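Residue numbers (the numbering used here), protein chains in the order written: chain Z, 94 to 430; chain R, 94 to 430.
The structure appears below as structure tokens.
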DNA sequence: TTGTACGCGTTATCAC
DNA sequence: GTGATAACGCGTACAA
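As structure tokens, then:
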């Protein structure tokens, strides 16, 4: 099945290829009837411009690279759907890659995308990324990159983030207002901004209510179910359980719930739990998990919009940080009966 | 940041562009030392062949389209990861699209991918797809397409599927062997092969044990949590609960569990539940869900391998159906105490 | 309004 | 072993 080219159409209609081309790019003068004739004939012949040739000619790929740490949890897929919503409308396609939470893989992905000549990149950093030299170099060369959710302070770039501080504050405040006194925080990878922010929100909420936080109230956890299980098992073993737990994210919270239930503790009667980042799981776990809902689709849409803006504008755009808002979904896991 | 081209390298080294090109495509004669010199210099200058030009010249995009119904559940993401494993190695990139379980969207995706000149497509059909004329036309034109999981009988094409019949049979048999007698089956969209197969497995397992299936034992459900909830609520209302339920997939099973628990029924004491298609959720729900594990990554890898095979071979390849194997993960939700 | 001719950056087919 | 040169399919100054 050989592809029909512009030449075939030109030959068929006894016109030059430029005329055909013009009919398809409506920024040129062309008689309306020839234009219509061409479009009609082209459609009949099944012609459409060869994207490869077009890209080569225009020196841009109309493709956007997306790098996420993973897409097994629903968070990143939802963001990607948001991105796709915008980019599809503008005629861009997505090359989606995952870093697997691995900095080397991430760098390799970036280089692959770069050499694929994507017009821009939307990225959420892996949890272990520290070396940002290469990214910064791209940014300095005016290559369009938008960061979302997972960012690093040193990076001078446009980012779409969630107000982690505020909502961690609210989530903690919710527990305090429910009357819980001894509240533990399970943190995530400590280099990530969002973890720092969530931790700070946790601390400042206590400050507001003049509550003490002992050092052992803040425990290094992680992003996965297993992290929650591990940490809570340790607490149970050392007989040092809190009234309530504020986990850095939902999987971690779910791990905590599973471990507690396994040892016969009731939730929220014995220990209340609050998660972060509404996920499909929060409504499946028993009891349903109180958690902070992030505007995942919105994050995607905003990132995509900013990126396309940046791609289209030829001059440098001043980096800015967009902070999106969320919501606290209160469910059984944190309700004092 | 202008890109370095082959010309720049040629000029710098006082060589012709053909020589440079040869150095990068090692199928031609070239003196080893000039070759090394070129590669070294190119690296210093930051040159790499422009993929767009290469693609135009070679008339193939080195990109593969992937169309899935959704990627919010972990099933499709896992398949995609499997696909990526293989394609990345072979230098192909993925254009991932989702049909949103919508036949029109699916067709639009196919056409977009086609006009993007992807070298092939890997697709899992939406649950409502019936009109396969366009796909069949592509296939007849020798365009490489691999179907996985969701297929339609009429389609003459290579497919990678799961042995839905066998494992539905085993899952049902497991319930029967546990001593359950009145077992209901919640089905999925009835046009999909996999739903028909799972239903048949359910029926034949009963036949093997000479158990009757009354018509009302088979209930039209759906693929989502809400479908499970809806159906079970109806059963509760009409006071017609079974001993056990075999659901067409995990979300459906989880919906059933949620509805039952909400009305105070215990699982598995009052009603046992078995799901299908191991998902992240099956281990989060309480009690843990007995379910059939599909080799998601393997499905992806196999599909990718077959597709690449088909892309590389110029002549027609006889359609074949690859059937992959699974495993029954027995957990609490189906264990008679 | 339309046609001619060149360039985009490669690879491939010739000569030399 | 290396260098011209013609494709690949398109957009677009420039000429007509």
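For each residue, glycine too, the CB sits at the ideal point set by N, CA and C.
Bear in mind the structure is a predicted one, so any value in this text is a computation, not a measurement.
Cα-Cα separation, residue 169/R to residue 178/R: 14 Å
Beta-carbon proximity of residue 375/R to residue 384/R, cut-off 7 Å: Cβ distance < 7 Å, so residue 375/R and residue 384/R count as in contact.
Residue nearest to residue 232/R in terms of C-alpha spacing, selected from 425/R, 271/R and 214/R: 214/R
Three-state class that DSSP yields for residue 158/Z in the structure shown: strand
Chain-ordered chain Z contacts of residue 145/R [CB-CB under 7 Å]: 145, 148, 149, 154 and 210
Exposed unless 16 or more other CB atoms sit within 10 angstroms - verdict on residue 396/R: buried
Backbone CA spacing between residue 267/Z and residue 337/Z [nearest angstrom]: Cα to Cα, the separation comes out at about 11 Å.
Buried versus exposed, by CB contacts within 10 Å (16 or more), residue 135/Z: buried
Rounded C-alpha distance that separates residue 325/R from residue 305/R: 21 Å
Residue 377/R: contacting residues in chain Z (beta-carbon distance under 7 Å): 347, 374, 377 and 378
Contact set between residue 171/R and chain Z, taken where Cβ atoms lie within less than 8 Å: 165
N- and C-terminal bounds of the alpha helix (DSSP H) containing residue 229/R: 226 to 233
Residue 138/R (DSSP reduced to helix, strand or coil): helix
Helix, strand or coil at residue 296/R [DSSP, three-state]: helix
Runs of beta strand (DSSP E) wholly within the segment 275 to 319 of chain R (minimum 3 residues, chain order): Runs found: 276 to 280 and 311 to 313.
Alpha carbon of residue 223/Z to alpha carbon of residue 242/Z, nearest angstrom: 15 Å
Residue 269/Z vs residue 310/Z beta-carbon contact at 7 Å: No, they are not a contact pair.
Contact set between residue 186/R and chain Z, taken where Cβ atoms lie within less than 7 Å: Near residue 186/R (Cβ distances below 7 Å), the residues of chain Z are 188 and 209.
Distance between residue 105/Z and residue 116/Z (C-alpha atoms, nearest Å): Going by the C-alpha atoms only, they are around 15 Å apart.
Own chain residues within Cβ distance below 7 Å of residue 103/R, not counting five before or after: 109, 110 and 113
Span separating the alpha-carbon of residue 332/Z from that of residue 284/R: 55 Å
Backbone secondary structure at residue 341/R - three-state DSSP: coil
Residue span of the alpha helix (DSSP H) that contains residue 404/Z, given as start and end: 389 to 405
Exposed unless 16 or more other CB atoms sit within 10 angstroms - verdict on residue 150/R: exposed
Under the three-state DSSP convention, the category residue 240/R falls into: strand
Residue 73/R and residue 346/R closer than 7 Å at C-beta: Coverage of chain R is limited to positions 94 through 430, which leaves residue 73/R absent and any answer about it impossible.
Proximity test, Cβ basis, 7 Å: residue 141/Z and chain R: yes
Bridge partner(s) assigned by DSSP for residue 420/R: 386/R
Beta-carbon proximity check, residue 401/Z vs residue 171/Z, cutoff 7 Å: no
Sequence-distant residues of its chain with Cβ nearer than 6 Å to residue 287/R (five each side left out): So the list reads 257, once near-sequence residues are dropped.
Under 7 Å between C-beta atoms of residue 280/Z and residue 247/Z: No, the pair does not count as a contact, with Cβ atoms beyond the cut-off.
Inter-residue Cα distance where the pair is residue 218/R and residue 244/R: 6 Å
Supposed close pair residue 297/Z, residue 262/Z - CB separation, criterion 8 Å: 6 Å
Bounding residues of the beta strand (DSSP E) (the contiguous stretch that carries residue 250/R): Note, residue 250/R: premise wrong, no beta strand (DSSP E); not H, not E.
Inter-residue Cα distance where the pair is residue 276/R and residue 97/Z: 57 Å
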